[in-house]
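Scroll down for the structure; my scribbles are underneath it.
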Amino acid sequence: MARSGSDNLLIHALGAECPWALLDAQGRTRKSGSCPPDAPDWPADRSQTVLVDAGRCMGLEVELPELPSSRRLQALRWAAEEHLAGSAEDEHVVAGSRDDQGRVACVVIGQDAMDEYAQAFSDQPAERMVPDALCLPWQAGELALAERKGRILARWGRMDFASFEAELAAELLEGLIDGEVAVIWYGGEQPGWLDASAITKVADSQSLDHWLAAGAWASGINLLSGPYSPRSAVAARGYWRWSAGLAAGLLLLVVVSAAIETRQLERESERLQSDIEQRFSEMFPDVGRVVRPREQAEQELARLRFGQAAGLLDLMNRTAPVIDSRDDIVLDGLNYRDGELELSLRAPDVAALDQLEQRLRALDLAADVRSASLDDDGASGRIRVSGGGG
23 MARSGSDNLL
33 IHALGAECPW
43 ALLDAQGRTR
53 KSGSCPPDAP
63 DWPADRSQTV
73 LVDAGRCMGL
83 EVELPELPSS
93 RRLQALRWAA
103 EEHLAGSAED
113 EHVVAGSRDD
123 QGRVACVVIG
133 QDAMDEYAQA
143 FSDQPAERMV
153 PDALCLPWQA
163 GELALAERKG
173 RILARWGRMD
183 FASFEAELAA
193 ELLEGLIDGE
203 VAVIWYGGEQ
213 PGWLDASAIT
223 KVADSQSLDH
233 WLAAGAWASG
243 INLLSGPYSP
253 RSAVAARGYW
263 RWSAGLAAGL
273 LLLVVVSAAI
283 ETRQLERESE
293 RLQSDIEQRF
303 SEMFPDVGRV
313 VRPREQAEQE
323 LARLRFGQAA
333 GLLDLMNRTA
343 PVIDSRDDIV
353 LDGLNYRDGE
363 LELSLRAPDV
373 AALDQLEQRL
383 RALDLAADVR
393 SASLDDDGAS
403 GRIRVSGGGG
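Here it is as structure tokens:
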């Protein structure tokens, strides 16, 4: 059995190579390394905490009444679904703690992503799995930042967190870094775009692994729940299965009661949905069909506050995988104006830029190579991209 009372093994699941650190009870690093999860060289007899990419997760705070555990998961899915673009049935939703206003913290991750992590660590005694950026310390009025393997971890709220590629983080975090927010740097290589004068404090008294390990336990979140529960929890539940027959009659009553209460909740949900749609239409009369009121309201407010930011993020999300798939193409810079994203690129030759243009057009994007030139190092050029394919 893993020894959880003394040392803790922290494993950061980032791609093919996973950085790991063995920490003592005071959070000091005793040993560290990096290896593939299918060929581990970390100590095998320690309690394991696995950190996963926060960019594949979403943090939420939802209104959820006190409910029996048998009904809590479904109610949590319904509450989380209002924040999602698709059905919550395809997502793994995990609840955390409740704040003093009664809001429940929760994390949503796609089941495909969760299956991938569960498979990668299926032979390991992992006890806890948490989004990495959620583990950064945070207080109101702060922006917590760190770097690990070329990714920037960021946390700016109780459940507001993310991770970005280092070269994209400057654009995505620009609106958060201002004189009213204290920027705290918790470790890793500081990116060139982050001016030292913008950093309020460097937390250099402890290692980044120390902060992440402490934050993992303090977060109250464990993605290893439900069908992904750790083997120790599954074994513990097995000791109680023999008593299920004695409770069969009571269980039937509970199921009937739950069905009645579920129907009552559905009716209340329908009434609340009608009230929400009416209020939404009063506040945003220009929006036609109301599908997901909270998400649509956030989008409308985002347009008022940040102008074309939604268009920028959409174009970046669609173009980034195409550029990342070409190791021989380097992004030197980008500029966004009037719905068009201009990419400054370097490539081995002009033909590579033309090929990239064709791949972007295949994604139903309008793409044009606006300028291209050759020098001793290869070709440099600009490709202008917009949402309307042609």
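Just so you know, the sequence shown maps onto residues 23 to 412 in my numbering. Ideal Cβ positions, reconstructed from N, Cα and C, are used throughout, including at glycine.
Endpoints, the alpha helix (DSSP H) within which residue i is located
i: residue 105; result: Here residue 105 belongs to no alpha helix (DSSP H), and DSSP marks it neither H nor E.
i: residue 189; result: 188-195
i: residue 380; result: 372-384
i: residue 81; result: It is not in any alpha helix (DSSP H) - residue 81 instead sits in the beta strand (DSSP E) that spans 79-85.
Nearest candidate by alpha-carbon position, reference residue i, set the options
i: residue 336; options: 71, 63, 194 and 270; result: 194
i: residue 295; options: 278, 307, 281 and 313; result: 313
i: residue 41; options: 114, 58 and 107; result: 58
i: residue 501; options: 102, 45 and 188; result: Because the chain is modelled from 23 through 412, residue 501 falls outside the range shown and cannot be assessed.
i: residue 92; options: 276, 359, 304 and 289; result: 276
i: residue 372; options: 355, 399 and 108; result: 399
i: residue 183; options: 166, 192 and 196; result: 166
i: residue 334; options: 300, 361 and 69; result: 361
i: residue 370; options: 363, 350, 60 and 383; result: 350
Run of the beta strand (DSSP E) containing residue i, from where it starts to where it stops
i: residue 205; result: 204-207
i: residue 175; result: 173-177
i: residue 358; result: 352-359
i: residue 181; result: No beta strand (DSSP E) contains residue 181, which DSSP labels as neither H nor E.
i: residue 117; result: 113-120
i: residue 133; result: No beta strand (DSSP E) contains residue 133, which is instead part of the alpha helix (DSSP H) from 133-142.
i: residue 42; result: 40-45
Short Cβ contact (8 Å threshold) for residue i with residue j
i: residue 170; j: residue 230; result: yes
i: residue 395; j: residue 401; result: yes
i: residue 177; j: residue 155; result: yes
i: residue 149; j: residue 71; result: yes
i: residue 235; j: residue 45; result: yes
i: residue 54; j: residue 157; result: no
i: residue 174; j: residue 185; result: yes
i: residue 84; j: residue 120; result: no
i: residue 409; j: residue 387; result: yes
i: residue 50; j: residue 29; result: no
i: residue 237; j: residue 159; result: yes
i: residue 95; j: residue 338; result: no
Whole-Å CB distance - residue i paired with residue j, under 8 Å assumed
i: residue 316; j: residue 105; result: 6 Å
i: residue 375; j: residue 407; result: Between residue 407 and residue 375 the Cβ distance is about 13 Å, and since that is not below 8 Å, they are no contact.
i: residue 99; j: residue 110; result: 4 Å
i: residue 368; j: residue 352; result: 4 Å
i: residue 152; j: residue 73; result: 6 Å
i: residue 239; j: residue 224; result: Contact doesn't hold; Cβ gap of about 24 Å is too wide.
i: residue 181; j: residue 248; result: With 8 Å as the limit, residue 181 and residue 248 do not qualify as a contact, their Cβ atoms being about 19 Å apart.
i: residue 344; j: residue 293; result: Between residue 293 and residue 344 the Cβ distance is about 46 Å, and since that is not below 8 Å, they are no contact.
i: residue 86; j: residue 101; result: 5 Å
i: residue 65; j: residue 31; result: 6 Å
Contacting residues, own chain, Cβ-Cβ under 7 Å from residue i (five flanking each side not counted)
i: residue 391; result: 375, 376, 379, 403 and 405
i: residue 89; result: 97
i: residue 202; result: none
Cβ shell of residue i (< 6 Å), same chain only, five flanking positions each side left out
i: residue 36; result: 171
i: residue 221; result: 205 and 207
i: residue 103; result: 110
i: residue 298; result: 315
Same chain, Cβ closer than 8 Å to residue i, five either side skipped, listed in chain order
i: residue 132; result: 78, 112, 113 and 114
i: residue 139; result: 35, 72, 74, 151 and 245
i: residue 211; result: 169
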